[in-house]
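Residues -26 to -1, 1 to 254 in mature numbering (1 follows the signal peptide of the UniProt record, and there is no 0) are what the sequence shown lists, from first letter to last. Heads up, the thing below is written out as structure tokens.
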Amino acid sequence: MVKTLALLSALLLVSGCTGSLPFTQAEINNSPTANAEMGSDSFNYDDFAGVLKTHVNEQGWVDYEGLQSNRQQLDKFVVAMSQVPSGTYEGWNEREKIAFLINAYNAFTLQSIIDQDPLKKSIREIPGVWKIRKFSLAGQEKTLDNIEHQILREKFNEPRIHAALVCAAVSCPPLRTEPYTAAQLDFQLDEQVRIWLARPQGLQIEREREKVSISAIFDWFGEDWVPSYGVKEKFSGNERQRATLNFISRYISPVEAQYLEEGNYELNYLDYDWSLNRQN
């Protein structure tokens, strides 16, 4: 990220999430940065913004029934992403590409869920949803796994994407009520990490039991944090685990960050709840 955005993000950071009041989507959407114009982006996200605002609540749960019966705006957005020429996409800067790909992944996931009639109880019940079903994106055919593993994880050193890619499960990070944009990307990704770690599906620190539990996502993709957050001393566990804990420590209270650094606890990965992230 360019230095100016990094500086802006640092100025906007607020106190850690665990042990303090977590952010709500309403607070995020009412912030000056969140309401900044999206005009600097090379792609229009208005249709996806309408989908998220209408069908995602402040806790990040999705009204899939409502979206299924009123899907025109989502389908229109998916078509628009398919019509971006590959040369146009290649000419975008890194922030524009990352925002576009995150939004594509989340939109394609929503579409995959509502294409099932009746709705499945879990995305895992949809055959081939990650590896076989293809979507048209910027002039190419891509699967969800292509977008996540062969593009976002492989071409960009940005582990915060794991707080933004939502695979429609309860244990996933919450879905935002707004799309990602290049203009706001650094701020949005930092906020997403804080929101994710404030939830019991992201991080649990039990000092009285000398136990720390973190999302299984940190286990599945732990190597993604090593290049930027790898550390030989401090924290607990192997190289991948220390890197993820070092990353997590940047987004929690100073007291709890110090506790993680001391490493006097048992580290565990939380069970992953694949139930659909639907509104009750």
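Cβ atoms here follow ideal geometry from the backbone N, Cα and C, with glycine treated the same way.
Where does residue i land, buried or exposed, given buried means 16+ other C-beta within 10 angstroms?
{"i": "N18", "result": "exposed"}
{"i": "N80", "result": "buried"}
{"i": "P174", "result": "exposed"}
{"i": "N77", "result": "buried"}
{"i": "T83", "result": "buried"}
{"i": "V103", "result": "buried"}
{"i": "I2", "result": "With a pLDDT of only 37 at I2, under 50, the local geometry of the prediction cannot be trusted, and the value read off the model is given with reservation. Its Cβ being crowded by 16 or more others within 10 Å, I2 is buried."}
Note down the Cα distance separating residue i from residue j, rounded to an integer number of angstroms.
{"i": "F130", "j": "Y233", "result": "30 Å"}
{"i": "D49", "j": "F109", "result": "12 Å"}
{"i": "N120", "j": "K105", "result": "8 Å"}
{"i": "Q57", "j": "T155", "result": "18 Å"}
{"i": "L(-14)", "j": "Q85", "result": "For L(-14), the pLDDT reaches just 32, beneath the cut-off of 50, and the residue's location in the model is therefore unreliable, although a value from the coordinates is still provided. Rounded to the nearest angstrom, the two C-alpha atoms are 33 Å apart."}
{"i": "residue 296", "j": "P59", "result": "Lying outside -26 to 254, the shown extent of the chain, residue 296 is not represented and no answer is given."}
{"i": "A231", "j": "S223", "result": "5 Å"}
{"i": "Q215", "j": "K206", "result": "11 Å"}
{"i": "F(-4)", "j": "I191", "result": "Because F(-4) sits at a pLDDT of 35, beneath the cut-off of 50, its placement in the model cannot be relied upon, and the following sentence gives the value as read from the coordinates. Answer to the nearest angstrom: the Cα atoms are 21 Å apart."}
{"i": "E64", "j": "Y239", "result": "46 Å"}
{"i": "N44", "j": "T62", "result": "30 Å"}
{"i": "N67", "j": "G176", "result": "30 Å"}
Comparing C-alpha positions only, which one of the options sits nearest to residue i?
{"i": "K27", "options": "S202, L171 and E152", "result": "E152"}
{"i": "I100", "options": "H29, I88, K206 and L111", "result": "I88"}
{"i": "L93", "options": "G40, V200 and I191", "result": "G40"}
{"i": "V186", "options": "E197, L118 and L171", "result": "L171"}
{"i": "F74", "options": "Q33, V36, A157 and E236", "result": "A157"}
Excluding sequence positions up to five away, which residues of its chain have a Cβ less than 7 Å from the Cβ of residue i?
{"i": "Q46", "result": "none"}
{"i": "A23", "result": "E152 and P153"}
{"i": "Q90", "result": "I100"}
Between residue i and the rest of its own chain, which residues show a CB-CB distance below 6 Å, the 5 nearest in sequence each way excluded?
{"i": "P201", "result": "N131"}
{"i": "L219", "result": "F209 and L234"}
For residue i, which residues of its own chain have a beta-carbon under 8 Å away from its beta-carbon, when the five flanking residues on both sides are left out?
{"i": "N242", "result": "K185, V186, S187 and I188"}
{"i": "D21", "result": "Q47, L48, K50, F51 and A54"}
When the Cβ atoms of the stretch 128 to 145 are set against those of the stretch 161 to 179, are three or more pairs found closer than 8 Å? They touch, by the three-pair rule.
inquiry  = For the stretch 245 to 253 against the stretch 142 to 158, do three or more pairs of beta-carbon atoms, one drawn from each stretch, fall closer than 8 Å, so that the two count as touching?
reply    = As far as the Cβ criterion goes, the stretch 245 to 253 touches the stretch 142 to 158, which means the pair count is three or higher.
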